[in-house]
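Some notes on the structure that comes next.
In the numbering used here, the protein residues as written are 19 to 1191.
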C-alpha cells in the first residue's frame, strides 16, 4: 500500500522525466508511464525516450501503437533512427547486434550518452539471444560504464543483469550468481522492483542449471510475486515459463503443466503476449519429453514451431524445431529429424546468428551416429565442438567429447575415446555438473569394458549408478545399468544381467528410446542364449528387429543378425545370417563387430566341413584384433585387451593344434605367442631397433602434475594426518591422475600412431631356434573349452591337450589356498600338488632336461612350479626352472644382453640398496593407510651381499633415496639388489612401489613406483627384489603379470628374482647370501636358485614349500661377468668394515715386523756363538 507513495517521493527527487517514467513502470503504474514517456518523446525524440515509450506501450498491451511509433520516417536524428531500426529488428537478433553497436557509436559522437547506454543494453540483449556472448558481454560492460558515469543506477544494474546472463550461458555459475545477488541487493535498496525481479529470475535460472531445485523454486516464486506486484504481465510470463522448465527438469511434470496452464491463461488476456505462446508450447513439449511421451512432445513442439513461424520469430522457431527434431530422432524417425535439423541450419544462416547452432549440429551428429554414418556424425560433432568453443559453452563441449568418444569406441580407437571421456569428466567436474560427471563415468566404463579392464569398468559404472540414483537421472541410470549387464554377462553373473536388462528396457520404453530398447533387448537375448533358452532369445530379437530402421544402424543390425544366427537350427542358415551380419559391420566400419562375426562364421564353416574357410576367418579375426591393439598408443590401455578378444586365438589354436603333425602344433604355438606378452615384446624389439617404444616425453604441464602427485603421496605417509586430511589428499591424487591421463593421452595421440606399435608376428620356424641345447620350453595356453601345453625341445614341438581354463585355475586356487592356510596338513598339500602336476605336466615324456623354461598363462603365473613334485622329490630335483613371459621376449632379452656385453667397455659392479621402512618414525602406506613394520635385517642383507663381490656400491638407510638410486652407476651394474618393503597392487599397476627413504634432498616421496622403475637406466644381468610379493601384479589375459618384475625388465634387466608371497626378513637374508655365493661361483641364476631351494626343501616338513616362493622371471640362464667375481670385499664396504679391515692389516703388519725382528736377533746370536775360521 505504501509503494505508490514511496514512488511518488522518489519521483520528487528524480534526476529527470526519463527516470520518472521508468520509476512509474517499476511501481506498476503503466498508464501514467505511457503519458510520461509520450510527453517526453514529443519534445525529445531520442532513442532513450523512444525505448521507454515502447516498453510502456508493450506493458499496456498497446502493441499496435508501439508498431506505429516506428512506422514511416520517425522525426529522429541519425542516432535515433539507427536505434529504432535495430529495435524493430529484434526478431532478427543477429543483424540487430551491429545496428545497436552502430547506434551506440553515433550516440556517443553526438554526445548523447543516455541514448548510447540504451543502445548498449538493447544490443547486449540481442547478442545474448543470438548466442554472441562476447559481443553481449562487451555491450553490457559499455552500458554499465555509461550508466555509472551518468549516475543512472537503473542502467548500470540492467547492464549487470545482462552480463550475469552471459556468465550463466557459459557455465560460470558462481560468477553469474554473485552478480545477480549484488544487483538484487542494490535494486531492493533503491526500490527498483523490475530490476530486482530480473535478478531473481536470473538467480533462479542459475540454480536450475545447477540442479539446486530448492533455491531455483524460491527465487522464481519471489520473482513471480514481484511481477504480480508490478502488474508486469510480461515479466510474470517469463518467470512462469522458466518455472515450468524448472519443474520439468526436476521431473515434476504435473507441476510444470500446472504452471504453464497459468501462463496460457495469462497470455490469453493480451494479444501482445502472443509471442510467448511458442515458448509455452515448447515448455509443455519438454514436460511430455521428460515423461517419455514422445508423441505428445512432438505435437507440442510442432505447435511451437508453427507459432514462431507465423510470427516470423526465427529464434523461437529454431529452438522449437531443434527439440522437435531431437524427439523425432529418439523415436527412430531419422529422416524427418534430419529434415528439421537441416531447416534449423537454414534459419541460422538466414538470421546471421549462430545461436543454438551447437545443439543443431550436435543433433545432426547424433542422428547420423544412430544411423551408423560415423564419418558424417564425426563431422557434425566436431563442428558443434568448434561452435561451443566459440560460445564458451563448456557444458556442451563436454557432451560433444563424450559423443566423439562413443564414435571412437565403435571404430575401435580406444585411446582416443578415453582422451575424449577424461576431458569431458574434467570439464564436468570444473562446472560441478553432476549429470555430466555421471555420463563421463558411464562412458569411461564403456571403454574400459571393451579394453578388458573389468575392474575399472565396474568401479566407473558403480559411480555412474550412484550419481543417477542420488539425483534421479533416469537416462543415466539406464545407460549405466545396461553397461553393468554387459559386464555381468562377460563375468558370468546371469542374475545381474537379467535384473539390469529388464530395468534398462523398462526405462527405455518409458522414454520411447528405440536405440536403447534395441540394446537392452539384445543383451537379454545374449543372456538367453548363454542359458540355452533359444525361444526367449528369439522373442527378444524379433522385438529388437521391429525397432530397426530400414537402413543404417549398422552396429545394432549386425548384432541382431549374429544373435539370430546363433538361434538358427541349421549351420547353413546360421552361416547365411553371419554373412549378413559381417556385411553390416563392414559397411558401418565396425572392427569389433567384424572380428566377432568372422569368429562366429568360422565356427559354422567348420561345422559344414569347410576347414580352410574356418581357418581363414579365424586368421582374419586375429588380424583385426591385433590392429585394434596396435591403435591403442598406451601400454596401460593395451594390457587387458585380449580379455574380451581371446576367442579368435582360441579357435584358431584349437584348429591347428588339434590337427595331425608337428606343423600344425608349430603354427598353433605361433598364434599362442602372438597372444601373449606383446607389450614387453614390443618394447624390447623397439629398444633393439633404437626406438623408445610407447614412451612419449612428458610436457612441462605433465611434469608439474607428477610433482604435485609426489607431494600428496609424501603427505599420505605422514601418520599425523587426520582422516579428513587423508581423504582430501587421496581425492586430490585421483584428480591429478585424471589430469595427467588427459594430457598423456593427448600427447600420445599427437606423437604416436599405429606404426609405433607395429607388432611383427613371429615366424614359426624362428621360434624353434630360440631354446638352447640343454633347454626345454613348456608353454601353456588356457582356453575356454580346451587348453594346450606346447613342449619344445631339440628343435621339435609337440602339442598336448589340457582341460579348460576353469578346471586348471580352480585346482591352482585350491593348491595356493592350502599352502596359505595354517591348518592345512602336509599330506593335503602334497596330494593337491601331485594332482596339479599330473594334470598340467603329466603328459610330458620326460621332465629331466637341464633347464625347464616355463611360459605360464592365466593363474599359472602365481603357481610356484619348483614346488610341484617331480620324478624324485620336487621338480627342481630334476632340472633348473625359470619362467619367461613369452618365447619371443626371452629371445629379445638375450639379444639385448648380447648387444650390451659387446658394447660395454666398463668394469661391472654390484649395486645394493637396503632400507628398513623408516628411520626414527612410523610411515604409513599412502593408499591403505597401514603402518610399515620395520625390516630389521634389510640393511645387513644389502651390506652382506655387496661384500661378496669385487666392486660394489651400497645405499643404506637415509642414503637409500630415489635420487641416490637414479644417480648410481646403474648402467655398469651387473646386479641390482633391493632389500626393501614393497607393495604390489593386483588391480592397479601404477599403485605398485618399493619403499625407499622419504627424506630425499631432490624432493622424492620415497616411493619407487612402477613407472619410475621402468625408466631406470639398467644394463643388469640380474635384478633382485627382496621384498614381499614382488613377483605379483595385475594379471591380464594374454599379457600375464604386469608388476615390478616387468618394470625392471623394461628398464634393462635380463632376469628378475622376486617373491610370490610374503617373506620373513631374516630368512630372506640367509637365502639371498646362499644364492649369491652359488652365483658367484659360476652357476647360472636358475642353477644357483635350484641349489638354494633344494637345500631348503631337504629340511622342509610342512609341505608348504615357502622356499619355492622365490621365482626367476626373464632369462634365468644368465651368469655373472668374470670381472665381478675376481675377488671379495670392495668399494661397497661400510665404514665399520673398512675400519676393521684396516686394523687387521695393521696388526698383521706388526706381527710380521715382530717375527722378522725375532729371526734377525736369532741369526745374530748364532753368529756370536760360532767358531771363527
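Virtual Cβ for every residue (Gly too), placed ideally from N, Cα, C.
Rounded straight-line distance, which links the Cα of residue 267 to that of residue 274: 9 angstroms
Residue range of the unbroken beta strand (DSSP E) whose run includes residue 803: Residue 803 -> no beta strand (DSSP E), and no H or E assigned at all.
Residue 539 versus residue 517 - alpha carbon distance: 13 angstroms
Span separating the alpha-carbon of residue 420 from that of residue 442: 6 angstroms
Residue 741, buried or exposed, once every other Cβ within 10 Å from all chains shown has been counted against 16: exposed
Within 8 angstroms, strictly: CB atoms of residue 191 and residue 409: no
Span of the alpha helix (DSSP H) around residue 785: 782-786
Whole-angstrom distance between residue 141 and residue 340, CA atom to CA atom: 25 angstroms
Beta strand (DSSP E) runs contained entirely in the stretch 886-959, provided each spans 3 or more residues: 898-901 and 927-932
Cutoff 8 angstroms: residue 445 Cβ touching any chain C Cβ: Here chain C cannot be found, since the structure has a single protein chain.
Contiguous alpha helix (DSSP H) assignments of at least 4 residues, all confined to the stretch 293-378: 295-309, 312-329, 332-348 and 352-369
Exposure label - residue 37; buried when at least 16 CB within 10 Å: buried
Strand pairing of residue 1060, partner residues [DSSP]: 1052
Validate contact between the stretch 831-845 and the stretch 695-704 using beta carbons, cut 8 angstroms, 3 pairs: no
Which of helix, strand or coil DSSP assigns to residue 809: strand
Sub-8 angstroms separation of residue 438 and residue 426 beta-carbons: yes
Neighbourhood of residue 35 by C-beta, 6 angstroms cutoff - its chain only, sequence neighbours within 5 removed: 58
Inter-residue spacing [alpha-carbon to alpha-carbon] between residue 367 and residue 1065: 57 angstroms
At least three beta-carbon pairs within less than 8 angstroms, the stretch 379-386 to the stretch 399-408: yes
Distance between beta carbons of residue 593 and residue 619, contact taken as under 8 angstroms: 6 angstroms
Those residues which DSSP pairs with residue 1000 across a bridge: 1012
Element boundaries [alpha helix (DSSP H), containing residue 17]: In the structure displayed, the chain extends from 19 to 1191; residue 17 sits before or after that span and is not available.
Pairwise C-alpha distance: residue 504 and residue 429: 19 angstroms
Cβ neighbour criterion (16 or more within 10 Å) applied to residue 1085: exposed
Own chain, CB closer than 7 angstroms to residue 608, minus 5 neighbours either side, in chain order: 428, 572, 573 and 576
Simplified DSSP assignment, three categories, for residue 734: helix
Cβ shell of residue 260 (< 7 angstroms), same chain only, five flanking positions each side left out: 219, 222, 223 and 238
Straight-line gap, residue 508 to residue 545 (C-alpha atoms, nearest Å): 10 angstroms
Sequence-distant residues of the same chain with beta carbon closer than 7 angstroms to residue 850, five excluded per side: 832, 833 and 836
Separation of residue 779 from residue 805, as counted between CA atoms: 21 angstroms
Beta-carbon spacing of residue 519, residue 541 below 8 angstroms: yes
Residue 1078, enclosing alpha helix (DSSP H) - first and last residue: Premise fails: residue 1078 is in no alpha helix (DSSP H) and is neither H nor E.
One or two residues paired with residue 1042 in a DSSP bridge: 995 and 1075
Reference residue 444, options 932, 752, 1051 and 1029, closest by Cα: 752
Reduced DSSP secondary structure (H/G/I, E/B, other) of residue 229: coil
Spatial distance of residue 440 from residue 464 (CA atoms): 13 angstroms
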